[in-house]
Each structure stands twice: as structure tokens, then as C-alpha cells.
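Engineer: Residue numbers (this note's numbering): 10 to 75.
Cβ atoms here follow ideal geometry from the backbone N, Cα and C, with glycine treated the same way.
Note that the structure is predicted; figures quoted are calculated from it, not measured.
Quick one: the structure is below, questions incoming.
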């Protein structure tokens, strides 16, 4: 497990596509979850921004080297 984390962080530092796409996908999923929750208005308010940042990040990261 620690080897995976070490490789993941190294990929982030070296600007590799795989780890950054994972972060962008997590942001998109988090934004959708924030959008669907019925409890807190503050979380709902920022859901669109989180989803938008994740989507734009995914578009930019898709041009990173493998």
C-alpha cells in the first residue's frame, strides 16, 4: 500500500496523467454527491463550483504526458 501511495505522489509531482485524472474524477464525483445531498445548503451551494473545477481540471490534465 505504501508503494502505491509513493508512486501516486510521485506521479502528481511529475505531472503525469493518471494520478491527476484520478484527482479530477474524485472532484467531479464529490461535486455530484454534494449536489444530491438534501441536508446542508452551504454544501449544495458549492457543488457546481466543485464539479466545474473537476471538469476543467480533467480537460487540462488529459493533455499531460502518460
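Report the option in 60, 16 and 21 whose CA atom is closest to the CA atom of residue 36.
Structural biologist: Selected option, being the one with the closest Cα: 60.
Engineer: When the Cβ atoms of the stretch 15-26 are set against those of the stretch 44-63, are three or more pairs found closer than 8 Å?
Structural biologist: As far as the Cβ criterion goes, the stretch 15-26 does not touch the stretch 44-63, which means the pair count is below three.
Engineer: Under 7 Å between the Cβ atoms of residue 65 and residue 29?
Structural biologist: Cβ atoms of residue 65 and residue 29: not closer than 7 Å.
Engineer: Rank 21, 13 and 14 by C-alpha distance to the C-alpha of residue 74 and give the top, closest one.
Structural biologist: Ranking 21, 13 and 14 by Cα distance to residue 74 puts 21 first.
Engineer: How long is the line joining the alpha carbons of residue 32 and residue 47, rounded to whole angstroms?
Structural biologist: Straight-line Cα distance between these residues: approximately 25 Å.
Engineer: Who are the near neighbours of residue 15 in its chain, counting only those whose CB is closer than 8 Å to its CB and skipping five residues on each side?
Structural biologist: Counting only Cβ-Cβ distances below 8 Å, and skipping sequence neighbours, we find nothing.
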